[in-house]
Amino acid sequence: NAGVTQTPKFQVLKTGQSMTLQCAQDMNHNSMYWYRQDPGMGLRLIYYSASEGTTDKGEVPNGYNVSRLNKREFSLRLESAAPSQTSVYFCASSEGLAGAYEQYFGPGTRLTVT
Amino acid sequence: GDSVVQTEGQVLPSEGDSLIVNCSYETTQYPSLFWYVQYPGEGPQLHLKAMKANDKGRNKGFEAMYRKETTSFHLEKDSVQESDSAVYFCALMDTGRRALTFGSGTRLQVQP
């Protein structure tokens, strides 16, 4: 049981380049999330997917798109990277959206945009 | 909107000291409250939780009481160990929302 896996672990992009961050979970969870973590700001929700086939914006969605490819996989795409998107990105999953369900986080992707 | 405030960015107790890490929250709903812990190079993991007012979350000697009257969920431990060193995030989830709202985090660095 790998839990939540993310690729890549590190990435450096130039301004304007695009890339997709991959996330997969093997816990048969219904809900998946993308957060970004910046120093002194905790984690902020970018997008989430309540269940396969649905996605919704979180607190900071601008500049990002997501795809819930199937129940296991939830990708985050940066179409035109900007230095403000330099951050650590975490994917998470849970059985459902309610507070009773624990969220399990992946190890993160550290992205630098120059 | 919802918010979570952690007033200490870093705390530096010595091994064996008691610990209180402050967490206050603002919401118009009836949230569940959580403490997540993050070790270097890893994602956050659930440390303890309290689902309603007056519940107490417990894990590995840590405790936190859900106090609705003071809108607080402070993390406490009687005697910290070096292995407790990590970043601790307070978080809430409202009944009407879909994901966690996190505080800014408190780095606990226990001195040997």
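As given, the protein sequences belong to chains A and B, one line each in that order.
No gaps in the numbering here: position 39 of the first sequence is 39 in the working numbering, and each next residue is one more.
No gaps in the numbering here: position 75 of the second sequence is 189 in the working numbering, and each next residue is one more.
Each residue gets a CB set at the ideal place from its N, CA and C atoms; glycine is no exception.
Selection from B:L162, B:N168, B:D116 that minimises the alpha carbon distance to E183 (chain B) | Closest by alpha carbon: B:N168.
- Runs of beta strand (DSSP E) lying entirely within the segment 120 to 181 of chain B, each at least 3 residues, in chain order: Here the runs fully enclosed are 133 to 135, 138 to 140, 146 to 152, 159 to 164, 170 to 173, 176 to 179.
**Report entry** Contact with chain A by L189 (chain B), beta-carbon distance below 9 Å
**Finding:** The beta carbon of L189 (chain B) does not come within 9 Å of any beta carbon belonging to chain A, so the residue lies off that interface.
- Item | Endpoints, the beta strand (DSSP E) within which Y48 (chain A) is located | Where Y48 (chain A) is concerned, the enclosing beta strand (DSSP E) stretches over 43 to 49.
Spatially closest choice to G58 (chain A) from A:L76, A:R68, A:N70, A:W34, by CA coordinates: Here the closest residue by C-alpha is A:W34.
Name, going along the chain, the residues of the segment 155 to 186 of chain B whose beta-carbon falls closer than 9 Å to a beta-carbon of chain A.
Those would be G155, E156, G157, P158, Q159, L160, K163, M165, in chain order.
Candidates A:E95, A:Q17, A:S93, A:V88: which alpha carbon is nearest G108 (chain A)'s? Looking at the Cα atoms, A:V88 is the closest of the given residues.
Run down chain A in chain order and give the residues with a C-beta less than 7 Å from the C-beta of A213 (chain B).
-> For a Cβ distance threshold of 7 Å, residue set Y33, L45, Y48, G58 of chain A lies close to A213 (chain B), ordered along the chain.
Subject >> Cα-Cα separation between S186 (chain B) and K174 (chain B), rounded to whole angstroms >> reply: If I take the Cα positions, the gap works out to 21 Å.
* What are the partner residues of E14 (chain A), as DSSP defines its beta bridges? -> The question names Glu, yet the displayed sequence has Lys at residue 14 (chain A). Answer is none; K14 (chain A) lacks a bridge partner.
- Query: With a Cβ-Cβ cutoff of 9 Å, do S218 (chain B) and V119 (chain B) count as a contact?
  - Reply: The answer is yes: Cβ separation under 9 Å.
* Looking only at DSSP bridge pairs, what is F105 (chain A) linked to? -> Residue pairing for F105 (chain A): DSSP places it in a beta bridge opposite A:A92.
Notebook entry, point to check: For S138 (chain B), which residues in chain A fall below 8 Å Cβ to Cβ?
Noted result: Listed by position along chain A, the residues whose Cβ is nearer than 8 Å to that of S138 (chain B) form an empty set, because the closest Cβ is around 14 Å away.
- Taking Q85 (chain A) and G53 (chain A) to be in contact with their CB atoms under 8 Å, please state how far apart those CB atoms are, rounded to whole angstroms. Their Cβ separation, rounded to whole angstroms, is 27 Å, which puts Q85 (chain A) and G53 (chain A) out of contact at 8 Å.
Between the alpha carbons of Y202 (chain B) and L222 (chain B), how many angstroms are there, rounded?
In a straight line, the C-alpha of Y202 (chain B) is about 7 Å away from that of L222 (chain B).
Subject >> Expected contact under 8 Å - CB spacing of L43 (chain A) and Q37 (chain A) to nearest Å >> reply: Yes, L43 (chain A) and Q37 (chain A) are in contact; Cβ-Cβ is about 5 Å, under 8 Å.
Q. Considering E190 (chain B), what are the terminal residues of the beta strand (DSSP E) in which it resides?
A. It spans 189 to 191 - the beta strand (DSSP E) in which E190 (chain B) sits, taken as one unbroken run.
- Query: With distances taken from CA atoms, which of A:L13, A:S31, A:L97 is nearest V4 (chain A)?
  - Reply: The candidate whose alpha carbon is nearest that of V4 (chain A) is A:S31.
Which chain E residues sit within Cβ distance under 7 Å of G219 (chain B)?
Reference to chain E is not applicable here, since the protein chains of this structure are A and B.
Self-check item: Limits of the unbroken beta strand (DSSP E) element including N65 (chain A)
Solution: Start and end: 64 to 68.
Exercise. Are any of the Cβ atoms in chain B nearer than 9 Å to that of A92 (chain A)?
Worked result: Cβ-Cβ to chain B under 9 Å: yes for A92 (chain A).
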